[in-house]
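Presented below is the structure to which this report refers.
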Amino acid sequence: MNYAETPCAKPVSSLGISSRNTDTRIQAADPELPQERPLTVDDTNEVLLKPQLESIASSSEICNALKDESLRKLICAIDDASDPDSELEKAMGVEAFCIFTDKIQLIFNTPLSSRLKGSVDRESK
Numbered sequence: 024m025n026y027a028e029t030p031c032a033k034p035v036s037s038l039g040i041s042s043r044n045t046d047t048r049i050q051a052a053d054p055e056l057p058q059e060r061p062l063t064v065d066d067t068n069e070v071l072l073k074p075q076l077e078s079i080a081s082s083s084e085i086c087n088a089l090k091d092e093s094l095r096k097l098i099c100a101i102d103d104a105s106d107p108d109s110e111l112e113k114a115m116g117v118e119a120f121c122i123f124t125d126k127i128q129l130i131f132n133t134p135l136s137s138r139l140k141g142s143v144d145r146e147s148k
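According to the numbering used here, the sequence shown holds residues 24 to 148 in order.
Pasting the structure below:
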């Protein structure tokens with residue numbers, strides 16, 4: 024018997040689920056899964072490249088910070104918000120979140136809390 028002839032799981036079709044629109048059906052059935060929404064960016068310089076994402080993912084400081092459940096919930100709240108920019112501004116008032124974002128930004132030598140503070144200062148003038 025060849026290993027390729029014996030699947031390690033039942034094919035999707037034998038489970039009574041069509042492969043087309045499976046993700047949509049699963050999301051509709053499970054409200055806990057995040058709903059996908061289009062991502063728009065005004066400045067393409069704000070988009071991270073794969074090597075930058077890999078640097079963040081491989082950082083032990085970032086991984087350790089993400090063990091904090093309250094930080095994870097805060098990040099999810101920003102991601103799930105109808106107005107994520109507003110939620111991000113609120114989150115910047117939480118010390119643990121500021122420290123976390125600064126650790127990420129230090130990978131690229133631009134602390135986020137400094138950038139946001141500068142934009143708030145400019146808006147108030």
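Cβ coordinates follow ideal geometry from the N, Cα and C atoms, glycine included.
Just so you know, these numbers come straight off a predicted model, no measurement behind them.
| Query | Result |
| --- | --- |
| Stretch pair the region 100-112 + the region 61-69: three plus CB contacts closer than 8 Å | no |
| Three or more C-beta pairs below 8 Å linking the region 122-131 and the region 68-79 | yes |
| Distance, S93 Cα to A114 Cα | 11 Å |
| Assigned secondary structure, F131 (DSSP; H/G/I helix, E/B strand, else coil) | coil |
| Contact set for A88: own chain, Cβ-Cβ below 7 Å, skip 5 residues either direction | L94, F123 and K126 |
| Residues near L97 in its chain [Cβ-Cβ closer than 7 Å; skip 5 each side] | A114, V117 and F120 |
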